[in-house]
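Chains as they are written, first to last, in the numbering used here: chain A, 6 to 387; chain B, 6 to 387.
Take a look at the structure:
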């Protein structure tokens with residue numbers, strides 16, 4: 006934590022946890038007999054519980070979206086730039102809930118948790134979780150917190166898919182839905198990148214069919230490769246050019262296989278760092294949730310028909326240099342929402358950061374979220 | 006080989022080999038004390054040796070560009086679509102030379118060859134080869150074949166970089182230079198993808214610091230991952246969509262980590278196939294040659310100044326959906342050639358295949374190559 010907490014920070018935050026003893030039936034046909042969700046909240050729930058906002062995290066995210074968990078923390082939560090007093094998601098006005106999703110590796114029930122049926126970690130036996138399963142578990146958390154209807158559900162990337170699924174599966178339980186840097190389904194290329202990441206993990210000899218903890222090891226190399234690859238897709242070609250260009254680490258070519266270029270050592274560092282912190286089985290699960298997401302699939306591929314179930318207002322946002330989920334993918338969603346006669350605001354934000362842009366406090370983007378949330382307070386449901 | 010050789014095939018071809026006993030000094034400061042180049046030729050060299058065309062191969066290519074090596078061959082050479090009697094590179098008119106580059110794994114001296122100093126395979130001790138080194142070795146092959154001046158040097162991707170290097174280093178030894186689907190240097194993103202591929206290989210426990218043959222093994226998993234990743238960058242998003250979409254292999258989701266989607270099994274197949282055939286040390290070398298290529302680097306980054314050394318005529322070609330070496334990268338080259346007052350024809354070909362398009366007989370593209378080669382015969386050097 007910085008020596009002084011910034012005035013616009015939510016401050017020191019303690020994660021909470023909720024245990025659910027009712028079984029959760031899952032899309033895959035299996036069910037979790039019970040589960041725990043770890044979450045954080047920022048701000049205060051008002052009297053009529055009408056000011057709650059749910060933040061859904063992306064592939065490698067977690068519940069810690071804002072503030073500091075301890076005085077030792079050097080960095081705040083992953084979306085601290087947008088959540089706090091006076092920020093776009095203003096904790097003076099809103100009660101913000103951010104959880105770690107099922108299957109995660111940050112405290113909620115996932116592959117590292119004990120399987121009540123066997124008494125040992127689930128590991129690879131953890132069921133494949135679909136986006137709709139997360140949303141169902143989030144709805145139960147809302148019940149627990151006394152929130153009938155979210156002011157808004159907000160998410161970027163895989164988080165945006167959860168927000169979209171909320172609008173379809175629980176149309177009366179949210180006023181606004183913000184789908185940021187996301188897509189109504191993955192493209193073949195998106196799936197292909199995920200598949201290479203998965204193969205990197207499962208082909209690591211330390212993976213042991215997902216039972217690496219039994220062997221007192223972890224598939225660090227595979228996870229590192231997966232993250233390096235993922236990282237390339239989060240940045241834009243232009244941001245990489247700006248950040249690294251062809252700059253050499255030592256000012257000259259090495260003529261060996263050490264890292265010659267800055268971009269190489271950056272990626273190695275990112276990959277190694279991530280592989281120390283993240284669980285490989287969780288990474289596999291998250292990529293499958295991405296691949297499987299296709300809400301129109303239940304409606305003969307007709308996204309507009311699918312979305313006509315929704316009642317809420319939508320904000321769809323994309324970023325000009327995002328090639329993982331390019332603006333065209335957001336436009337598909339906007340066209341379907343329009344055909345379904347839903348209220349939708351759409352803006353493509355000019356930003357150099359690629360997919361990662363959704364994490365940055367880009368003024369136009371921040372103002373858009375803030376304005377959308379404010380308009381919901383004024384207008385109510387449509 | 007098909008039961009009947011097509012009329013426009015160069016037919017049954019025997020690779021030849023040339024041994025060079027003079028040491029080849031290399032860009033990295035080391036040298037090869039002697040070396041062998043394996044090559045094929047198609048068509049006949051004319052009396053004044055003025056009809057020779059050099060084909061330079063890309064990352065995973067080799068000397069076998071056209072025809073069939075044996076009656077068992079099911080597939081012809083990698084650029085058979087463009088090389089043959091009556092084809093764009095017409096073997097009735099031209100004498101076509103195609104070699105396996107140094108460092109390769111198809112017969113020319115490379116990591117799998119015996120190091121004369123140690124008597125065992127070079128393996129990881131094979132020197133890092135730069136594009137200029139290849140060109141130098143190719144010039145010696147030209148000497149050997151009695152070719153003072155190529156009618157044209159042609160290459161796609163990494164092959165285009167060799168063609169470009171020819172125009173700079175041996176300006177009087179080629180009339181035409183065709184740089185196809187290439188770039189004057191890699192971007193940070195290009196390097197990043199190469200680095201992930203390299204890390205996949207070197208982090209494979211079967212890599213053994215490149216001495217896998219000593220351990221009677223090969224880093225197949227790493228090479229498979231490298232190829233899967235590479236393959237994604239060779240195809241366009243749209244061609245993947247067209248080819249695979251979100252088609253499911255078994256018509257339904259498996260809810261496990263088997264390949265659900267067609268694109269996954271396609272990539273796995275491509276990766277496994279490649280890892281059976283290709284040498285990992287060669288793959289590493291080829292990616293470094295790509296990363297290091299930057300002819301303007303010797304001229305304070307001024308590509309136009311660098312290219313003003315060239316005398317030949319240029320054809321630069323890009324493909325609309327190529328995102329590995331996007332049309333903008335070709336345009337950089339064209340702008341520099343124009344500033345250097347070189348004669349250059351440029352066309353961006355509309356093609357859905359992505360980077361791989363350069364291997365396809367797209368009519369407009371084929372006509373362009375044919376026309377360029379014909380115009381050189383008429384116009385001579387500039």
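Each residue gets a CB set at the ideal place from its N, CA and C atoms; glycine is no exception.
- Could you pull out every residue in the same chain whose Cβ sits closer than 8 angstroms to the Cβ of residue 16 of chain A, ignoring the five residues on either side in sequence? Walking along the first chain from the start, residue 16 of chain A turns up at place 11. In chain order, 10, 72, 73 place their CB closer than 8 angstroms to the CB of residue 16 of chain A, counting only its own chain and leaving out the 5 sequence neighbours on each side.
Exercise. DSSP on residue 157 of chain B, reduced to helix/strand/coil?
Worked result: Working through the second chain from its first residue, we reach residue 157 of chain B at position 152. Residue 157 of chain B falls in the strand class under three-state DSSP.
> Roughly how many angstroms lie between the CA atoms of residue 189 of chain B and residue 180 of chain A, to the nearest whole one?
Replying inline: As a first step, residue 189 of chain B must be located in the second chain, where it is residue number 184. As a first step, residue 180 of chain A must be located in the first chain, where it is residue number 175. Straight-line Cα distance between these residues: approximately 52 angstroms.
**Report entry** chain B contact for residue 269 of chain A (CB, 9 angstroms cutoff)
**Finding:** For this step, residue 269 of chain A is matched to residue 264 along the first chain. Residue 269 of chain A counts as touching chain B.
- What does a CB cutoff of less than 7 angstroms around residue 106 of chain B pick up in its chain, not counting 5 residues either side in sequence? The sequence position of residue 106 of chain B within the second chain is 101, counting from 1. Answer for residue 106 of chain B: 62, 113, 139, listed in chain order.
Determine the extent of the alpha helix (DSSP H) in which residue 234 of chain A is found, giving its start and end residues. Locating residue 234 of chain A in the first chain gives position 229, where the first residue counts as 1. Residues 225-239.
Report task. Evaluate contact between the region 199-209 of chain A and the region 224-231 of chain A, counting only Cβ atoms and requiring at least three cross-stretch pairs below 8 angstroms. Result -> Flag = yes, the region 199-209 of chain A and the region 224-231 of chain A touch.
_Using beta carbons (cut-off 9 angstroms, strictly below), is residue 266 of chain A in contact with chain B?_
Residue numbering aside, residue 266 of chain A sits at position 261 when the first chain is read from its first letter. It does: the Cβ of residue 266 of chain A has a partner Cβ on chain B nearer than 9 angstroms.
Touching by the beta-carbon criterion (3+ pairs, under 8 angstroms), the region 349-358 of chain B and the region 366-379 of chain B
The region 349-358 of chain B is in contact with the region 366-379 of chain B.
Check: Would you say residue 32 of chain A reaches chain B, if we count a Cβ-Cβ gap shorter than 9 angstroms as a contact?
Finding: Locating residue 32 of chain A in the first chain gives position 27, where the first residue counts as 1. Using a CB distance cut-off of 9 angstroms, residue 32 of chain A counts as an interface residue toward chain B.
By a C-beta neighbour count over all protein chains shown, 10 Å radius and 16 as the cutoff for buried, is residue 24 of chain B buried or exposed? Counted from its first residue, the second chain places residue 24 of chain B at position 19. Here residue 24 of chain B is exposed: its Cβ has fewer than 16 other Cβ atoms, across all protein chains shown, within 10 Å.
Practice prompt. Give me whichever residues DSSP pairs with residue 333 of chain A in a beta bridge.
Written response: One-based indexing of the first chain puts residue 333 of chain A at position 328. DSSP, once it has assigned bridges, lists no residue as partnering residue 333 of chain A.
Q: In the DSSP assignment, find the alpha helix (DSSP H) that holds residue 318 of chain B and state where it starts and stops.
A: Here residue 318 of chain B is taken as the residue at index 313 of the second chain, counted from 1. Careful: residue 318 of chain B lies outside any alpha helix (DSSP H), inside the beta strand (DSSP E) at 318-324.
Given this structure, state the Cα-to-Cα distance separating residue 246 of chain A from residue 198 of chain B, to the nearest angstrom. Locating residue 246 of chain A in the first chain gives position 241, counting from the first residue. Locating residue 198 of chain B in the second chain gives position 193, counting from the first residue. If you draw a straight line from the Cα of residue 246 of chain A to the Cα of residue 198 of chain B, it comes to about 14 angstroms.
Exercise for the section: Name, going along the chain, the residues of the region 190-206 of chain A whose beta-carbon falls closer than 8 angstroms to a beta-carbon of chain B. Expected result: Residues of the region 190-206 of chain A with a C-beta less than 8 angstroms from any C-beta of chain B: 190, 191, 192, 193, 194, 196, 197, 198, 200, 201, 203, 204, 205, listed in chain order.
- Task: Grab me the residues of residue 259 of chain B's own chain with a C-beta within less than 8 angstroms of its C-beta, minus the 5 sequence neighbours each way, in chain order.
- Result: Indexing the second chain from 1 puts residue 259 of chain B at position 254. Taking C-beta separations shorter than 8 angstroms and ignoring five residues to either side along the sequence, the partners of residue 259 of chain B in its chain run 265, following chain order.
- Could you check the C-alpha separation between residue 186 of chain B and residue 350 of chain B for me, to the nearest Å? One-based indexing of the second chain puts residue 186 of chain B at position 181. One-based indexing of the second chain puts residue 350 of chain B at position 345. Residue 186 of chain B and residue 350 of chain B have their C-alpha atoms roughly 14 angstroms apart.
Checklist entry - Does the beta carbon of residue 109 of chain A come closer than 9 angstroms to any beta carbon on chain B? => result Counted from its first residue, the first chain places residue 109 of chain A at position 104. Any Cβ of chain B closer than 9 angstroms to the Cβ of residue 109 of chain A would place that residue at the interface, and such an atom is absent.
Give me, in chain order, the residues of the same chain whose beta-carbon lies closer than 6 angstroms to that of residue 330 of chain A; leave out the 5 immediate sequence neighbours on both sides. Mapped onto the first chain, residue 330 of chain A falls at position 325. Residues of the same chain with a CB within less than 6 angstroms of the CB of residue 330 of chain A, apart from the 5 flanking positions on each side, are 186, 187, 188 in chain order.
task = Identify every residue that forms a DSSP beta bridge with residue 91 of chain B.
result = On the second chain, position 86 is the one that residue 91 of chain B refers to. Beta-bridge pairing links residue 91 of chain B to no other residue.
Item to complete: Using a Cβ-Cβ cut-off of less than 9 angstroms, give me the residues of the region 359-374 of chain A that come near chain B, in sequence order.
Response: Result list empty, no residue passes.
Exercise. Residue 332 of chain B: buried (16+ other C-beta within 10 angstroms of its C-beta) or exposed?
Worked result: Your numbering for residue 332 of chain B matches position 327 in the second chain. Residue burial is scored here from C-beta neighbours: residue 332 of chain B has at least 16 other C-beta atoms within 10 angstroms and is therefore classed as buried.
Under 8 angstroms by beta carbon: chain B residues contacting residue 261 of chain A:
Looking up residue 261 of chain A in the first chain gives position 256. Here the neighbours are 133.
Alpha carbon to alpha carbon, how far is residue 337 of chain A from residue 226 of chain A? To locate residue 337 of chain A, count along the first chain from 1; it is residue 332. To locate residue 226 of chain A, count along the first chain from 1; it is residue 221. Counting only the Cα atoms, residue 226 of chain A lies some 37 angstroms from residue 337 of chain A.
inquiry  = So, does the region 126-137 of chain B touch the region 74-92 of chain B, judging by three or more C-beta pairs under 8 angstroms?
reply    = Look at the beta carbons and you see the region 126-137 of chain B not touching the region 74-92 of chain B: under three pairs across the two are nearer than 8 angstroms.
- Return yes when the Cβ of residue 116 of chain A is within less than 9 angstroms of the Cβ of residue 131 of chain A, no when it is not. Here the question's residue 131 of chain A lines up with position 126 in the first chain. Here the question's residue 116 of chain A lines up with position 111 in the first chain. Result yes, Cβ atoms of residue 131 of chain A and residue 116 of chain A sit closer than 9 angstroms.
Enumerate in chain order the residues of its own chain whose CB-to-CB distance from residue 347 of chain A is below 7 angstroms, with the five nearest sequence positions on each side excluded.
One-based indexing of the first chain puts residue 347 of chain A at position 342. Cβ contact annotation for residue 347 of chain A (same chain, cutoff 7 angstroms, sequence separation greater than five): 312, 315, 319, in chain order.
- prompt: Expressed to the nearest angstrom, what Euclidean distance is found between the alpha-carbon atoms of residue 295 of chain B and residue 194 of chain A?
  reply: Residue mapping note: residue 295 of chain B aligns to position 290 of the second chain, counting from 1. Residue mapping note: residue 194 of chain A aligns to position 189 of the first chain, counting from 1. Taking the CA atoms as reference points, residue 295 of chain B sits about 24 angstroms from residue 194 of chain A.
Next on the checklist: Is residue 118 of chain A close to chain B? Criterion is C-beta to C-beta, closer than 9 angstroms.
Outcome noted: Translated into positions along the first chain, residue 118 of chain A becomes position 113. Closer than 9 angstroms: no.
Please classify residue 39 of chain B as buried or exposed, where buried requires at least 16 other C-beta atoms within 10 Å of its C-beta.
Here residue 39 of chain B corresponds to residue number 34 of the second chain, with the count starting at 1. Residue 39 of chain B is exposed by the Cβ-count criterion.
With a threshold of 9 angstroms between beta carbons, is residue 210 of chain A in contact with chain B? As a first step, residue 210 of chain A must be located in the first chain, where it is residue number 205. It does; some Cβ of chain B falls within 9 angstroms.
Restricting to Cα atoms, I'd like to know which of B/152, B/302, B/359 is closest to residue 238 of chain B. The residue given as residue 238 of chain B occupies position 233 in the second chain. Residue 238 of chain B has its Cα closest to that of B/359, out of B/152, B/302, B/359.
| Cross-strand partners of residue 169 of chain A (DSSP beta bridge) | As a working note, residue 169 of chain A is residue 164 in the first chain. According to DSSP, which records beta bridges pairwise, residue 169 of chain A is partnered with nothing at all.
Handout entry: residue 256 of chain A: contacting residues in chain B (beta-carbon distance under 7 angstroms)
Key = In the first chain, residue 256 of chain A corresponds to position 251, counting from 1. The contacting residues do not exist; residue 256 of chain A stays about 12 angstroms from chain B at best.
* To do: Starting from residue 226 of chain A, find everything on chain B with Cβ-Cβ shorter than 7 angstroms and list it in chain order.
  => Taking the first residue of the first chain as 1, we reach residue 226 of chain A at position 221. Against chain B, a Cβ distance below 7 angstroms from residue 226 of chain A picks out 208.
Handout entry: Residues that residue 61 of chain A bridges to, as DSSP identifies them
Key = Residue numbering aside, residue 61 of chain A sits at position 56 when the first chain is read from its first letter. DSSP output for residue 61 of chain A lists A/160 as bridge partner(s).
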